[in-house]
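Peer 1: Residues 501 to 1599 (this note's numbering) are what the sequence shown spells out, left to right.
Quick one: the structure is below, questions incoming.
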Amino acid sequence: MTAPAKACELVERFDAHRDVYQSDRYNEAQLREEFINPLFEALGWDVYNRRGYADAYKEVIHEAAIKIGGRTKAPDYCFRAGGGVRSFFLEAKKPSVDIGEAISPAYQLRRYAWSAKLPVSVLTDFEEFAVYDCRIRPDKNDKASVARALYLKYTDFVQRWDELVGLLAPESVRRGSLERFVSSKKIKKGTAEVDAAFLDEIESWRTDLARNFALRNPGLSQRDLNFAVGRTIDRMIFLRICEDRGIESYGALQSLQNGPAAYRRLGELFQRADDRYNSGLFHFSVERDRPGPPDELTLGLTLDDEPLKEILRRLYFPESPYEFSVFPAEILGQVYEQFLGKVIRLTEGHRAKVEQKPEVRKAGGVYYTPAYIVDYIVGHTVGRLLGEGTGAGDGGRGTGDAPFSPGTCAGSGEKDEEETGSRQSAVGGNEGSGFRVRGSGSADRHSEIRNQKSEISNPPSNIRHPTFTPARAAKLRILDPACGSGSFLLGAYEYLLTWHRDWYVADGAEKHARGRHPKLYRSPSDEWRLTTAEKKRILLGNIYGVDIDPQAVEVTKLSLLLKVLEGESGETLDNQLRVFHERALPDLAGNIKCGNSLIGPDFYNGRQLSLFNEEERWRINVFDWKDEFPEVFRGKDAGFDAVIGNPPYVRIQTLNKTQPDAVEYFGKHYAAAAKGNYDIYVLFIEKGFSLLNTNGLLGLILPGKFFATDYGAPLRKMLSERQAIDHIVDFRHGQVFPKVTTYTCLLFLSRTSCEFARYAAVLSPETIGENPPRGFFVSAKQLSDAPWIFAPKKHGEFLTRVRKNSVPLLELPVMISRGSSTGADQVFMLSSKRGKLLTRDGDPVQIEKELLRIPLYATDFGRYWFSPRSGERVIFPYRLTPTGYRVILEAELRKKFPRAFKYLVGRKRELLKRKQFTEWFAFSAPRNLNLHDRAQLMVPLLANVGSYCKLPLKMAGYCPMASGGFTISISDDLPLSPLYLLGLLNSNIVFWVLRSLSNVFRGGWITCTKQYVGKLPIRPIDFADRKDKLRHGRMVELVEVMLDLHKKLPAARTAHDKTVIERQIAATDRQIDRLVYELYSLTNEEIEIVEKVTVKNGK
């Protein structure tokens, strides 16, 4: 691309008058106007907002310089490529500054960008142009060259214009140029994202404060210690952020380092903050009409100067790499979400120890919900309630009908073709299949879902829906019943603030900026902003949250309060305070509350309260929704308009160990707790739905396991009977949370009956904000307590027909049995090398051969092959009796097998640590031992293709293990050959059905457990029908060939021989599939559907 004339003219002009521009008389403001603004216009940026976008959507923000502590507290430019979201900062310096060598400008820019978690930012004086990789933590002593990823002179602009456009043009940025740019750079030592670094910072504060508070305040309880530490950290962070935003006097906290009694003086600072803000964060005395009890603890505590002063020192430039003025709210949320995963425990000696909460340790950590998920859920609940992207007033709940098979959700078909204009092909639940999901509004099922990012990237100048006014919006009540650090409530509040500001501006900004109670004011940067009073009104009127963790409640309040102050300065805040004669912030004690969302005060019905000590009552923390939020549950339309969030995922087995009384309560009060080893998130679905008003919407991110599991049946029944499913976005094996594998979906429910639900599978969750999910409609009448198998119309019809002419595998009859668990493999598992037995520690051991078997794992067999590792052995302390296997008696073990007994006695202490066993030397779970001995087939626990194998006739020498999978034992009365079944089970069509039934994991792997495999449709054979009998015989022949080929393959000596055999295997496989298609009477179109999936997944 040739550089445009404007860029060439800028370069020529600078070159011609370079001496003038490099003089001290030429200032930064002149440079910005004469060179930087036109340069970025030439790159395609709307620098002067000529398109007339509303303030929230301007592409380029020119920051008003705020001098705080002798330093400018905002980057000169913020570039936003779409949706009002920051893309990169630009810091401008006058040409007399040596950008190539000067340390301070580079450090300043990198602090801004690193704190804002931006991958790239720019430092320029036009003469020099530096692009920095801002993933690398800045240090005050870094040279200017550190983290500099690109350096140009103005004389390079024309020749390398393509490079500049490819990196920094708005369209390039929207397509991910900045992320690609830094990912192409080698990660350098010191790379640390701001959230991880700040988490380390405040965790060190917690440890230091906890130890000193515990040391100097011996009467402090564990609960009070956690409160004191958490509240002190929250208050310091709040005030420090306010300082960098120019709301508080810069250096107020820093000044506490000078002189003694720093904690006492910190308390005085907190008290002054109470006078200014009225926030529950600083609430030290009882006041009329102020909710919540005051903090009567922390100001009276003792804290040494040393730990506090060290914390304060690290909060300020140049020691601190953090620039709190640009600290994103979501970063603070991510940090606190992790921070809340640990708790302070007091030892018997009253020493403080910080450790992970048991439930967090069990779950493998805490995982923050990404912003794109929050945005989508908020947009499809709060946005719809505000009429955004909907056809308001229609009142319809969708039209059309669809063929549907029992337990299968079939797409509605032709009506979608009519709406979208063209029919889309669909395969299983894969991304891009089916039809575009439409109908963001509860009123119009066929209106387009609002795409937050793509639409906002080209926003209208005026946004206002004629029937949705602030007066109507004021009635909305939005709840997160497990609010954690407040990410969903913050997202909902941000959405409401933007909506209100846009509405007022579109309705005539000037009139809404006048009167005794103005809604808008004009900022120093000439933008229309909501007044603090209006932001407070919206927050108190619309936002509600509950969490069982008191620290989480305080963090949520902190995040929301900081959002109220966002964009304010000391000057604007003081001006508004003079107008409204009230303190700056609301007290959120009446909106964000601590309690157990799932347990009401009826928990104590029939129980003697005195039997519960204070700690137990505090742990249970019953919550009465109607008493706590009377304004929400008053009147005809009682309840919340929206329930949103990410509820905890905790298996009931975990809760049974720590809170058995709560589990007992759940069983009596929740339909979703009626069956199996459920996960607590199903209770949050049921509870959240019950809290909605008659027109309410629920949007949650949670595991999709309840679609198919046994424990999900009661919940499926409840939701289907209420026709509550509005739409589902299923991420299948796509991963939302980093560093953990969790299979999640977005579930949207409506209290108004939905005649049709919408389903979409999205395998790349991060794209959900950029590309509206594509899917299909599902008739609500066809949903029931049976497993929900979502498939487009043709797939549903196909599955119905396949099942109609088949028998479920378990009903043939066959027995499907999982392998055994020893509970102590380090004791029972041995290796055999050169005739000697060795433990897993490598120690030699002698065990009688009669007690040894070969363990079977998933790696010991596969598709048509069985090849156990000969060097593995498992001690098998069981013997066969006429009634089946039983554990050998201890006396018999000692007498008949003295070597084994001696070895096991030596490991007895380890064996006794197991959770369950009948005898100390027995397996913890000896499953179906007699069935395994006569099993004919085996299937692994996970597979990405049909992976069933034929077992040897003599199984008594083997021991299938739990991690190996399941054996299939076929009744002797069944006329079908095991080889016929093996051919069917390994076929394309049957594995395709299994994929539709089972959970799909990362990489296309699926679960092959009994509950799924047992439902596979087996085509019976009518042996009286000559053709059917011949098909059965042909299948047996082909499978015998396949088994023989797989035996020959490992023995092949040359590459040519292996290739020949592999080709024969592939040809035989195709013959088996063709025969199976014939058995199931598949059409060519149905064969194409099946083979698209199986080829894609590696067969």
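Cβ coordinates follow ideal geometry from the N, Cα and C atoms, glycine included.
(1) Would you kindly check if the distance between the Cβ of H783 and the Cβ of D1087 is under 8 Å?
(2) On the criterion of 16 or more Cβ atoms from any shown chain inside 10 Å, does R764 qualify as buried, or is it exposed?
(3) Can you give me the C-alpha to C-alpha distance between S1320 and C1459, rounded to a whole angstrom?
(4) Going by DSSP in three states, L1219 sits in which element: helix, strand or coil?
(5) Given that a residue counts as buried once 16 or more other Cβ atoms are within 10 Å of its Cβ, and exposed if not, what is L1530?
(6) Starting from the Cα of V1122, find the closest Cα among D1047, T1158 and A1171 and give me that residue.
(7) Taking the straight line between their C-alpha atoms, what separation do you get for S755 and N641?
(8) Assign V1236 to buried or exposed, taking buried as 16 or more other Cβ atoms, counted over all protein chains shown, within 10 Å of its Cβ.
(9) For H1000, count neighbouring Cβ atoms within 10 angstroms of its own Cβ and tell me buried if that reaches 16, exposed if not.
(10) Run through DSSP, which three-state label would G883 get?
(11) Roughly how many angstroms separate the alpha carbons of P1018 and Y1004, rounded to a whole number?
(12) How is H1432 classed by DSSP in three states: helix, strand or coil?
(13) Can you check DSSP and say which residues form a bridge with T1381?
(14) Report back the beta-carbon spacing between V658 and V511 to the nearest angstrom; my notes put them in contact at under 8 Å.
(15) Taking R1534 as the reference, give the member of L1481, D1557 and A1551 with the closest Cα.
(16) Contact between the segment 865 to 884 and the segment 743 to 760: three or more CB pairs below 8 Å?
(17) Opposite T1507 in the DSSP bridges: which residues?
(18) Can you tell me which of the three DSSP states I566 falls into?
(19) Looking only at its own chain, which residues have a Cβ that is under 6 Å from the Cβ of V1541, when we skip the five neighbours before and after it?
(20) To the nearest angstrom, how far is the alpha carbon of L652 from that of A630?
(21) What are the residues that DSSP puts in a beta bridge with H1556?
(22) Mind checking S905: buried by the 16 CB within 10 Å criterion, or exposed?
(23) Would you say L979 and A1173 are within 8 Å of each other, going by their C-beta atoms?
(24) Do K1063 and A829 come within 8 Å of each other at the CB atom, strictly closer than that value?
(25) Where does G1015 sit, in a helix, a strand or coil, going by DSSP?
(26) Pull the bridge partners of Q856 from the DSSP assignment, please.
(27) Tell me which same chain residues have a C-beta within less than 6 Å of the C-beta of T869, skipping the five on either side of it?
(28) Considering just the uninterrupted stretch of the beta strand (DSSP E) at N1195, what are its terminal residues?
(29) CA-CA distance, E948 and A542?
(30) Exposed or buried, T1031, counting other C-beta atoms within 10 Å across all chains shown (16 or more means buried)?
(31) In chain order, what residues of the same chain lie with their CB nearer than 8 Å to the CB of D1360, ignoring the 5 residues before and after it?
(32) Throw me the rounded Cβ distance for the L678 and F588 pair, which I believe falls under 8 Å.
(33) Per DSSP, what kind of secondary structure is G1483 in: helix, strand or coil?
(34) Just list the alpha helix (DSSP H) runs in the segment 620 to 691, keeping only unbroken ones of 4 residues or longer that don't cross its boundaries, in chain order.
(35) Note down, in chain order, each residue of its chain lying with its Cβ closer than 8 Å to the Cβ of E1585, except the 5 sequence neighbours on either side.
(36) Any contact of the segment 1097 to 1104 with the segment 1162 to 1172, i.e. 3+ C-beta pairs under 8 Å?
Peer 2: In short:
(1) yes
(2) exposed
(3) Distance between the alpha carbons of S1320 and C1459: 8 Å.
(4) The DSSP-derived three-state label of L1219 is helix.
(5) exposed
(6) D1047
(7) 24 Å
(8) buried
(9) buried
(10) Here G883 sits in helix by DSSP.
(11) Straight across, the Cα-Cα distance linking P1018 with Y1004 is about 10 Å.
(12) helix
(13) G1384
(14) 6 Å
(15) L1481
(16) no
(17) L1442
(18) The predicted model places I566 with a pLDDT of 46, which falls under 50 and marks its position as unreliable; any figure quoted below should be read in that light. The three-state reading of DSSP puts I566 in coil, since its state is none of H, G, I, E or B.
(19) T1568
(20) Approximately 6 Å between the Cα atoms of the pair.
(21) None; H1556 has no bridge partner.
(22) Residue placement at S905 is flagged as unreliable, the pLDDT there being 32, under the threshold of 50; a coordinate-derived value is accordingly withheld.
(23) no
(24) yes
(25) coil
(26) K842
(27) S987 and N1146
(28) L1192 to P1203
(29) Low confidence applies to E948: its pLDDT is 28, below 50, so where it sits in the model is not reliable enough to give any reading.
(30) buried
(31) F1366, S1367, P1368, R1369 and G1464
(32) 6 Å
(33) helix
(34) 661 to 668, 670 to 674 and 677 to 683
(35) K1294
(36) Contact between the segment 1097 to 1104 and the segment 1162 to 1172 is established, with three or more Cβ pairs separated by less than 8 Å.
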